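Converting from the sequence shown to this note's numbering requires adding 6 to each position, the first position being numbered 1.
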Amino acid sequence: MVKILAGLSGSGKTKEMIRRINESAQNENGSVVCIEMGSKLTYDVHYRIRLIEYGAYKLEGAEALKAFISGLHAGNFDITHIYLKSIHRLLGTKDGERIAAFCRWCEDFGEQNRVSFTMTATIDPAQAPEALKKYL
Numbered sequence: 007m008v009k010i011l012a013g014l015s016g017s018g019k020t021k022e023m024i025r026r027i028n029e030s031a032q033n034e035n036g037s038v039v040c041i042e043m044g045s046k047l048t049y050d051v052h053y054r055i056r057l058i059e060y061g062a063y064k065l066e067g068a069e070a071l072k073a074f075i076s077g078l079h080a081g082n083f084d085i086t087h088i089y090l091k092s093i094h095r096l097l098g099t100k101d102g103e104r105i106a107a108f109c110r111w112c113e114d115f116g117e118q119n120r121v122s123f124t125m126t127a128t129i130d131p132a133q134a135p136e137a138l139k140k141y142l
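Next comes the structure, spelled out in structure tokens:
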């Protein structure tokens, strides 16, 4: 499952993501990971969540993020949910088609490995590309 929490700045995406992350900490049987640029969520998420500051690794682009996620999973097969805060920042693009291509990869990866993905995107849902709408 891939879900995008989309909206313009100030629409409550981060607050909703924090609520979902903390709910996962209580309800998921496996490991839950949250990947973000910076460390804004440090004091907001439950201590059981593996919070990763992606910027510290100085990686860029979709292929690097895919490899990073694959490496996380290779090191811990217990991961059941991965949260990605500000997917456009993690991928280094606001191009909806490129974000949709990454979502398709996440969907395939998730089906093969029983991992769910939830991400935030600063995109107006009404103007999202057709390929991205199925994840909103």
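Beta carbons: idealized from backbone N, C-alpha and C, even for Gly.
Predicted model, so just to flag it, every value in this text is computed and none were measured.
On a Cα-Cα basis, can you pick out the residue from the options that is closest to residue i?
| i | options | result |
| --- | --- | --- |
| V81 | R110, V39, K139 and M125 | Before going on, a small fix: residue 81 reads as Gly here, not Val. Checking every option, the nearest Cα to that of G81 belongs to V39. |
| H79 | Y63, A68 and R56 | R56 |
| A15 | L138, K140, A127 and E29 | The displayed chain sequence assigns Ser, not Ala, to residue 15. Of L138, K140, A127 and E29, the residue nearest in Cα terms is A127. |
| Y53 | F74, S30 and A70 | S30 |
| I105 | K140, G61 and F74 | K140 |
In its own chain, which residues sit with a C-beta less than 7 Å from the C-beta of residue i, not counting the 5 before and 5 after it?
| i | result |
| --- | --- |
| A134 | A12, G102 and L142 |
| G36 | D84, I85 and T86 |
| G28 | First, the residue type needs correcting, since residue 28 is Asn and not Gly in the sequence shown. Closer than 7 Å at Cβ, skipping near neighbours: V51 and H52. |
| A73 | none |
Considering only residues of the same chain and omitting the five flanking positions on each side of residue i, which have a CB-CB separation below 6 Å?
| i | result |
| --- | --- |
| E117 | none |
| K9 | T124 |
Whole angstroms are fine: how far does the CA of residue j sit from the CA of residue i?
| i | j | result |
| --- | --- | --- |
| I19 | V51 | As written in the sequence, residue 19 is Lys, which differs from the Ile given in the question. Using only the alpha carbons, I get a separation of about 14 Å. |
| R120 | D114 | 10 Å |
| E34 | K100 | 31 Å |
| E66 | M7 | 24 Å |
| Y63 | P131 | 30 Å |
| C112 | I75 | 9 Å |
| Q32 | E22 | 16 Å |
| S17 | Y60 | 24 Å |
| R25 | I129 | 20 Å |
By Cβ distance, which residues of its chain are closer than 8 Å to residue i, with the 5 residues on each side in sequence left out?
| i | result |
| --- | --- |
| L97 | G67, A68, L71, R104, I105 and F108 |
Touching or not, the region 29 to 44 and the region 89 to 97, by the rule of three or more beta carbon pairs under 8 Å? yes
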